[in-house]
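Asker:
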Amino acid sequence: MDKIYINDLEVYGYHGVYDAEKKLGQRFLISVEIETDLRTAATHDDLDATINYGALCHELEHVFLEEKINLIESITLKLADYILLNYEVAKAVRVKIKKPWAPIGKPVDYVAVEMERKWHKAYIAFGSNMGNREENINEAKRLIEESQITKIIKTSTLIETEPWGYTNQDHFLNGVWEVETLLQPGELMTFLLEIEHKLKRERVIKWGPRTLDLDILLYDEMVSNDSHIIIPHPRMHQRLFVLEPLNEIAPYALHPLLNKRVFELKEELESMQ
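What follows is the structure, encoded as C-alpha cells:
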C-alpha cells in the first residue's frame with residue numbers, strides 16, 4: 003500500500019492534565035502516516051485522486067485546537083478518526099503526537115503517543131420475528147449508519163426462515179450486512195448489543211423470539227475466543243439461514259478456522275439436508 007507522510011507539524015495547543023497547561027499552552031508536534039492507493043493520482047497527475055496534504059495540515063490544526071483535552075491519547079485518537087472519516091481514500095492511518103515540553107521534571111527530548119487506526123471488514127447476521135420485522139431491521143440499519151464509525155457496504159436479500167433451536171415461535175426475517183468499521187471486535191459487539199436494547203430485545207428464552215438479533219459472523223480474518231465475542235461465529239457453518247444471505251454478498255469470504263469459502267460451507271450444509 004502506498005503512503006502519504008506529514009512529519010512534525012508544529013501546533014501550539016492547550017492540552018494537558020494540569021491547569022497551567024490549559025492556560026499557558028505548549029508546543030506539540032504531529033506526525034501522520036496514511037495508507038492509500040496513489041496509482042490513479044500518480045498516473046493522471048490528479049490532485050483530486052489523492053489527499054491534499056497542505057489542506058490536511060490546516061484541518062488537523064483546526065481539529066487539534068477545537069477543545070482542550072487532558073490526554074494526548076485522546077487527541078491522537080480524535081485526529082486518526084478524523085482522517086479516516088473525512089478521506090475515503092485513506093484505508094489506514096498512524097498518528098504520532100510529541101509533547102516536547104511535557105511537565106515531568108526530567109530532561110527528555112519529548113514524550114509521545116502513537117496510534118494506528120484502520121477500517122475493518124465484518125459480516126453481521128441480522129434477524130427479527132417480533133412486531134414489524136422489516137421495520138426493526140431498517141431501524142437497526144439506520145442506527146448503524148448514523149454512528150459513522152461503522153458503515154454498511156452491502157445488504158443481502160431478506161429471507162423468511164423457520165425458527166432454529168426453539169421452534170415454538172414465528173418465522174424470522176434474516177439477512178447479512180457487510181460493514182466497514184473502526185471499532186475493535188469487542189467494541190463492535192457492545193455497539194450491536196446497544197442497538198438490540200434500543201429495539202427492546204429481551205433475552206428470556208435461549209434462541210427464543212426477539213425483535214432483533216445481531217451477530218458478528220466474521221471480522222477481517224480474525225480468530226478470537228474472547229468471552230464477550232467469539233470470532234468466527236461458532237455456529238455459522240451450521241445455519242443455512244446465515245450461509246444463504248452471506249453467500250449472496252460474499253461467496254468467497256474465508257472461514258479462518260475451517261479454511262473454507264462461504265460457498266463451500268453452504269454447499270456442504272445443503273448436501274447434508
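Using our numbering, you'd call the opening residue of the sequence shown number 3 and step up by one each time.
Cβ coordinates follow ideal geometry from the N, Cα and C atoms, glycine included.
(1) Taking the alpha-carbon of D222 as reference, which of G133, I53, I126 has the nearest alpha-carbon?
(2) Spell out whether any CB of chain B is found under 9 Å from the CB atom of I161.
(3) Taking H173 as the reference, give the member of N227, H60, E162 with the closest Cα.
(4) To which residues of the same chain is S226 closer than 7 Å at the C-beta, ignoring the five residues directly before and after it?
(5) Hey, V91 and T38 are a contact pair by Cβ (cut 8 Å); roughly how many whole angstroms apart?
(6) Below 9 Å between beta carbons: does that hold for I155 and I146?
(7) Taking all protein chains shown into account, do 16 or more other C-beta atoms lie within 10 angstroms of the C-beta of K108, making it buried, or fewer, making it exposed?
(8) Using the Cβ count rule (16 or more neighbours within 10 Å means buried), how would you classify G42?
(9) Helix, strand or coil for M117 per DSSP?
(10) By DSSP's criteria, Q28 is part of a beta bridge. Which residues make up the other side?
(11) Helix, strand or coil for L185? Go by DSSP, reduced to three states.
(12) Contact defined as beta carbons within less than 8 Å: I believe E272 pairs with T159. What is the distance between those atoms, to the nearest angstrom?
(13) Between A82, T45, D4, D47, which lies nearest to E61 when the distance is taken from Cα to Cα?
(14) In three-state terms, what does DSSP make of N140?
(15) E23: buried (16+ other C-beta within 10 angstroms of its C-beta) or exposed?
(16) Between K143 and the rest of its own chain, which residues show a CB-CB distance below 7 Å, the 5 nearest in sequence each way excluded?
(17) Do L214 and F128 count as a contact pair if the criterion is CB distance below 9 Å?
(18) Run through DSSP, which three-state label would D83 get?
(19) Could you compute how far the alpha carbon of T183 sits from the alpha carbon of L216?
Answerer: Judging by the given coordinates:
(1) I126
(2) Annotation note: the requested chain B is absent from the structure, which comprises a single protein chain.
(3) E162
(4) P187, I232, I233
(5) 5 Å
(6) no
(7) exposed
(8) According to the sequence as given, residue 42 is Thr; it is not Gly. The residue is exposed, with fewer than 16 neighbouring Cβ atoms inside 10 Å.
(9) strand
(10) G15
(11) coil
(12) The Cβ separation is near 17 Å, so there is no contact.
(13) A82
(14) helix
(15) buried
(16) I154
(17) yes
(18) helix
(19) 15 Å
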